[in-house]
Amino acid sequence: MTTDDDPALGLFQVLRDDGSVDEARDPKLDDATLLRLFRHMLNIRIVDERMLARQRQGKVGFYGASTGQEATPIVTGMLLHERDWVFQALREGAIMLVRGFPLETWLAQIYGNDADVAKGRQMPMHMSGKAVNHVSWSSCLGPQLPQAVGMAWAAKMKGHDDVISVAFTGDGATSEPDFHAAMNFAGVYRPPCVIVCQNNHWAISVPVSKQTASQTFAIKARAYGLPGIRVDGNDVLALWAVLSAAFDRARRGEGPTFVEALTYRIGAHSSSDDPTRYRSEEEVERWRQKDPIARFERYLRARGLVTDESRKAMEDELTAEVLAAIRAVEVHPWPAREELLDDVFEERPWHLEEQRAELVAGPEAPKPGH
Ligand SMILES: Cc1ncc(C[n+]2csc(CCOP(=O)(O)OP(=O)(O)O)c2C)c(N)n1
Ligand SMILES: [Mg+2]
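Structure representation (structure tokens):
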């Protein structure tokens, strides 16, 4: 077997750079699905641009964009069923939007205001939604992986045969003990889960060459006894083929899969990072040429599904929707401060009563936007 024939060492691709496809691997999606994929990708790119600007204006404290990495979360969101579970890392929040979570409520998490389902108690970009079975990630890297494996295992034990869970990790988080614990449990107990590594080449300033000596991340799966497959993470059609096969396999009770999606973080790690300190503009430019949205757009144009006019109309419409949602969310006040100590105990013990009384007697926080 050559490297290219080995799914853990080769790179599964469908879309060529010129917009043509590998016919043998093409998942042959219908026009409406192709356009929905494109629309969702464009949407999160616009959200990211606008929210990074809001962060610079001091309206929100922190933001982590998925620019350049939109394809994996959008394809995942489109493929999942209503009862499936998602355990995201930093850059997969858009899955919630694809699964029908309202943008305004999603944004409220970033503002931490009273429209946030988590009541403003999480750092920005740690969104969750019970309505879409989406679990917030933890700022410390890795815990979402054993959580997802446990969730799938629980579903299996309860006989919920149609439910799968999907977990995400970055390349950097594969060095965390939780990654290895999750992969080992997945291999041994074979719950219906899929673990996806978004290999974007960097963990803040640490390159993949300092993260692992393995030939690829996908090959790590072999040691744990589960299939590993390496896919072009900037190729929407390849992701569709690989992820749908992995999800179906889990759904059929045939066990977990580990997927490495090769991609690149075009922007900064987060609003607190300056990537010019550790990587070259030439490298970024090389990856800009592989932009997943532009590449998919070339394919859609070649199929006659996107024209200059339809592209502009879609972008204008999405931008108007995003700006409307931002305006709507920004009028919300902070959560009432007396709520801060709710939900800890069923009945508040005396020491929390005391702290609550002190909190309420103290000075008020400034209103949002000031
Ligand atoms: C246990 C732990 N160590 C370090 C950090 C600081 N940190 C936050 S994000 C990050 C890089 C993560 O890289 P990767 O897993 O590749 O994900 P990416 O940000 O590239 O999507 C680091 C080191 C942390 N949050 N938790
Ligand atoms: Mg990374």
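Heads up: the sequence shown begins at 1117 in the numbering used here, then just goes up one per residue. C-beta atoms are modelled at their ideal positions from N, C-alpha and C, and glycine is treated no differently. In this text, all values refer to a predicted model and were calculated from it rather than measured experimentally.
Within-7 Å CB hit, residue i to chain B
i       : result
Phe1203 : Looking at the structure shown, chain B is missing, and only one protein chain is on hand.
Pair within 7 Å by beta-carbon distance, residue i and residue j
i       : j       : result
Asn1315 : Glu1399 : no
Val1279 : Ala1271 : yes
Pro1259 : Asp1294 : yes
Met1157 : Ile1409 : yes
His1448 : Ala1298 : no
Ile1162 : Val1438 : yes
Val1358 : Phe1128 : yes
Gly1126 : Asp1133 : no
Gln1327 : Gly1286 : no
Pro1189 : Ala1210 : yes
Pro1372 : Cys1309 : yes
Local Cβ density within 10 Å of residue i, reported as buried at 16 or more and exposed below that
i       : result
Gln1173 : exposed
His1276 : exposed
Arg1393 : exposed
His1486 : Per-residue confidence for His1486 stands at a pLDDT of 45, beneath the threshold of 50, marking its modelled position as unreliable; no derived number is given.
Pro1465 : exposed
His1250 : buried
Val1445 : buried
Asp1474 : Per the sequence shown, the amino acid found at residue 1474 is Glu instead of Asp. Per the 10 Å Cβ criterion, exposed.
Leu1416 : buried
His1467 : exposed
Met1243 : buried
Ligand 1 heavy atom lying under 6 Å from the CB of residue i
i       : result
Cys1309 : no
Asn1316 : yes
Leu1213 : no
Ser1255 : yes
Ile1160 : no
Leu1168 : no
Any non-hydrogen atom of ligand 2 closer than 6 Å to residue i Cβ
i       : result
Gly1184 : no
Gly1286 : yes
Contact the stretch 1351 to 1358 vs the stretch 1319 to 1334: 3+ CB pairs below 8 Å | Put simply, the stretch 1351 to 1358 does not touch the stretch 1319 to 1334. Fewer than three CB pairs are less than 8 Å apart.
Please determine if the stretch 1362 to 1374 and the stretch 1136 to 1151 are in contact, where contact requires at least 3 C-beta pairs separated by less than 8 Å.
-> No contact exists between the stretch 1362 to 1374 and the stretch 1136 to 1151.
Which runs of the alpha helix (DSSP H) fall wholly inside the stretch 1214 to 1287 and span at least 4 residues, in chain order?
-> With a minimum length of 4 residues, the continuous alpha helix (DSSP H) runs that stay inside the stretch 1214 to 1287 are 1219 to 1227 and 1260 to 1273.
contact_flag[the stretch 1183 to 1194, the stretch 1378 to 1393] where n(CB pairs < 8 Å) is 3 or more = Taking a cut-off of 8 Å for Cβ pairs, the stretch 1183 to 1194 and the stretch 1378 to 1393 touch, as three or more such pairs fall below it.
Segment contact flag, the stretch 1186 to 1197 with the stretch 1450 to 1467, C-beta cutoff 8 Å, min 3 pairs = No: the two stretches stay apart, fewer than three of their Cβ pairs being nearer than 8 Å.
Pairing CB atoms from the stretch 1242 to 1249 with CB atoms from the stretch 1163 to 1173, are three or more of them under 8 Å?
-> Segments in contact, no.
Inside the stretch 1320 to 1369 only - beta strand (DSSP E) runs reaching at least 3 residues | Those beta strand (DSSP E) runs which fall completely within the stretch 1320 to 1369 and span 3+ residues are 1344 to 1348.
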